[in-house]
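See below for the structure under consideration.
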Amino acid sequence: MSDVKIKSNNLNVFYGDKQALFDVNLDLNEKEVTALIGPSGCGKSTFIRCINRMNDVIDICKVTGNIEIDGVEINDENLDVVSLRERVGMVFQKPNPFPKSIYDNISYGPKIHGKGETKSELDEIVERSLKKAALWEEVKDRLDEPGTGLSGGQQQRLCIARAISVNPEVILMDEPCSALDPIATAKIEELIDELKKTYTIVIVTHSMAQAVRVSQKTGFFHLGKLIEVGKTEKIFKNPDNKMTQDYITGRFG
Amino acid sequence: MSNEHTVKSYEEELQFLVDSVIKMGSLTESQMVDSMDAIIKVDKDSIDKIIKSDDEINKFRSKIDTQIMTLLVKRAPMAIDLRETISSLKISQDLERIGDLSKSNAKKVKPLPLDLPEELLSNLKRLGELVIKQLNDVLDSYVNKNYDKAKEVWEKDEQVDDLTYIAMESVIDFLSKDKKNLDFSTHLIFATKNLERAGDHITNIAESICYLIKGEYLKGSRPKGKVIQE
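One line per chain: the protein sequences are A and B, in this order.
Just remember that this note's numbering sits 10 ahead of the position in the first sequence, which is counted from 1.
Just remember that this note's numbering sits 63 ahead of the position in the second sequence, which is counted from 1.
This is the structure:
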């Protein structure tokens with residue numbers, strides 16, 4: 011049994027008057043992949059955005075309750091959000107490389123976080139990150155070309171490389187494959203499997219099959235509530251909750 | 064089952080699969096009734112018909128296989144739908160095997176003399192009736208998704224074992240009285256054993272039904288009666 015890396019206690023999120031999350035209690039295990047599933051607007055993305063305090067940038071957003079990473083409350087006012095986001099990387103639905111070279115895409119993070127002082131240090135980080143993201147072989151001879159010139163699947167792996175370049179502990183993925191073809195998806199999924207040896211991963215996905223393939227634990231959200239959470243195999247073979255069953259078998263609504 | 068699928072055709076495909084298994088089950092049951100009847104009445108005229116009905120059952124099996132493959136590819140079923148699909152596959156396999164055993168029993172009627180003493184067949188008849196009842200009950204529990212009834216069938220196989228033992232003994236008794244009886248007595252021994260095997264397939268079906276309904280396998284070992292050493 012893995013240790014708990016991230017713990018949420020009675021987490022509530024409000025966007026103005028509208029409550030988006032209701033008393034979510036969810037433990038995410040270290041070096042494991044947790045998949046979050048549920049219909050659009052159910053709060054799964056809102057939940058992962060709490061883990062690196064991305065909701066801070068939305069003025070009307072209010073968060074109550076706790077989220078702890080390694081036992082430390084991250085909603086603490088005195089917490090340095092920049093260093094939190096260094097520890098908790100994020101990959102989005104659409105690949106969003108910077109309009110810069112492949113090299114600069116990766117080296118940017120380490121530079122601003124003061125992780126690569128010299129050119130050779132940065133070179134090493136770029137190579138290591140791209141290798142970890144299984145992209146190195148495809149781009150090593152054109153590191154100065156723009157990242158936006160890569161294919162969709164390559165761009166997404168570039169974004170993963172960018173996320174891991176600062177040595178995070180957690181990677182949040184918000185539907186990372188929804189814009190990718192099956193081959194690119196397969197490569198990302200294989201990569202997730204590899205990355206989980208080093209990182210704690212949370213993935214939001216609309217693909218049930220993907221959740222089964224990549225995750226060890228699955229949480230089902232509906233209307234802002236965490237309805238059921240458990241071992242992925244159990245959730246997809248024999249869930250306890252009828253709502254979960256209705257959702258994963260396509261009987262919803 | 065709970066609500067209907069958002070996709071209506073998916074709902075229909077699953078229902079069609081379940082209906083196919085039910086139809087295959089009722090064919091298998093009537094074939095077993097016919098083959099028992101043929102043995103007890105030593106009715107050699109019905110042998111061909113019973114053998115033919117096995118072709119029908121086998122065809123059902125391949126039809127169900129195709130339906131399952133299509134469902135898996137098309138719908139990637141989950142949870143209850145996945146269990147429904149997989150149990151259809153397993154149940155149809157067991158039904159096919161039961162069909163084979165009934166066919167084999169029908170073939171054993173050919174060498175039987177027409178004047179078999181009634182007491183020789185009475186235990187075999189009782190065994191046949193019990194196995195037919197078990198098959199009927201297990202199919203009923205499938206149709207009605209009745210967990211308790213399926214479990215009851217599973218537990219009752221003990222009685223099939225016991226009756227098999229008794230039926231075997233009576234044939235062996237008869238055989239030991241006169242070596243001339245050796246030829247057809249052997250066929251009766253095999254027929255008895257076939258019924259016992261059919262009983263085992265019925266318990267497999269009961270297990271599949273329990274898994275289908277609750278998502279977990281029956282725990283513990285099944286009660287077993289006296290067993291003839293092979």
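Note that the Cβ used here is the ideal one computed from N, Cα and C, for glycine as well.
{"Query": "Chain-ordered chain A contacts of G88 (chain B) [CB-CB under 8 Å]", "Result": "In chain order: nothing, as chain A lies at least about 24 Å away."}
{"Query": "CB contact check: P49 (chain A) to chain B, cutoff 8 Å", "Result": "no"}
{"Query": "M132 (chain B) burial status per 10 Å Cβ neighbour count (16 or more: buried)", "Result": "exposed"}
{"Query": "N-terminal and C-terminal residue of the alpha helix (DSSP H) that Q197 (chain B) is part of", "Result": "E181 to V206"}
{"Query": "Which of helix, strand or coil DSSP assigns to E148 (chain A)", "Result": "helix"}
{"Query": "Rounded straight-line distance, which links the Cα of N199 (chain B) to that of R260 (chain B)", "Result": "16 Å"}
{"Query": "C-beta neighbour in chain B for P192 (chain A), strict 8 Å", "Result": "no"}
{"Query": "Members of the segment 223-249 of chain A near chain B, C-beta cut-off 7 Å", "Result": "F246, K247, N248 and P249"}
{"Query": "Cutoff 8 Å; reference N76 (chain A); Cβ partners in own chain excluding five residues on either side", "Result": "K17, S18, N19, N20, L21, E83 and N85"}
{"Query": "Proximal chain A residues relative to Y73 (chain B), where beta-carbon distance stays under 7 Å", "Result": "G260"}
{"Query": "Separation of A269 (chain B) from M64 (chain B), as counted between CA atoms", "Result": "The predicted model places M64 (chain B) with a pLDDT of 47, which falls under 50 and marks its position as unreliable, so this point remains unresolved."}
{"Query": "One or two residues paired with K227 (chain A) in a DSSP bridge", "Result": "A:T44 and A:K241"}
{"Query": "Endpoints, beta strand (DSSP E) assigned at N115 (chain A)", "Result": "Here N115 (chain A) belongs to no beta strand (DSSP E); instead the alpha helix (DSSP H) covers I112 to I122."}
{"Query": "Coarse secondary structure for K235 (chain A), derived from DSSP in three states", "Result": "strand"}
{"Query": "Test item: CB-CB of N115 (chain A) and L168 (chain A) under 8 Å", "Result": "yes"}
{"Query": "Contact check, G157 (chain A) vs P107 (chain A), beta carbons under 8 Å", "Result": "yes"}
{"Query": "Where M141 (chain B) meets chain A, residues with beta-carbon distance less than 7 Å", "Result": "M218, F246, I258 and T259"}
{"Query": "Within chain A, the residues that D178 (chain B) reaches when beta carbons sit closer than 7 Å", "Result": "Ordered by position in chain A, no residue passes the 7 Å Cβ test against D178 (chain B), which lies about 57 Å from the chain."}
{"Query": "DSSP three-state assignment for K17 (chain A), whether helix, strand or coil", "Result": "strand"}
{"Query": "Any chain A beta carbon closer than 8 Å to E159 (chain B)", "Result": "no"}
{"Query": "Which listed residue (B:L164, B:K115, B:S165 and B:E74) has its alpha carbon closest to that of D144 (chain B)", "Result": "B:E74"}
{"Query": "Rounded separation between S72 (chain B) and L135 (chain B) - CA only", "Result": "14 Å"}
{"Query": "Closer than 8 Å to chain E by CB, E119 (chain B)", "Result": "In the displayed structure, chain E is absent; the protein chains listed are A and B."}
{"Query": "Beta-carbon contacts of L46 (chain A) that lie in its chain and below 6 Å, excluding the five residues immediately before and after", "Result": "K54, V214 and G229"}
{"Query": "DSSP beta-bridge partners of P178 (chain A)", "Result": "DSSP output for P178 (chain A) lists no bridge partner at all."}
{"Query": "Buried or exposed by the 16-neighbour rule on C-beta atoms within 10 Å, applied to Y280 (chain B)", "Result": "exposed"}
{"Query": "C-beta atoms of N39 (chain A) and D13 (chain A) nearer than 8 Å", "Result": "yes"}
{"Query": "Beta-carbon proximity of G124 (chain A) to I70 (chain A), cut-off 8 Å", "Result": "no"}
{"Query": "N10 (chain A) - DSSP class collapsed to helix/strand/coil", "Result": "No statement about residue 10 (chain A) is possible, as the shown extent of chain A runs from 11 to 263 and does not include it."}
{"Query": "Spatial distance of G48 (chain A) from F231 (chain A) (CA atoms)", "Result": "5 Å"}
{"Query": "Range of the contiguous alpha helix (DSSP H) that encloses D163 (chain B)", "Result": "A142 to K170"}
{"Query": "Pair within 8 Å by beta-carbon distance, I198 (chain A) and G99 (chain A)", "Result": "no"}
{"Query": "CA-to-CA distance, L258 (chain B) to G191 (chain B), given in whole angstroms", "Result": "7 Å"}
{"Query": "Proximal chain B residues relative to Q164 (chain A), where beta-carbon distance stays under 9 Å", "Result": "Within chain B, no residue comes near Q164 (chain A); the closest Cβ sits about 27 Å away, beyond 9 Å."}
{"Query": "DSSP-derived helix/strand/coil call for E264 (chain A)", "Result": "A query on residue 264 (chain A) cannot be resolved here, the shown segment of chain A reaching from 11 to 263 and no further."}
{"Query": "Minimum C-alpha distance to I114 (chain B) - residue among B:E215, B:D163, B:L77 and B:K287", "Result": "B:D163"}
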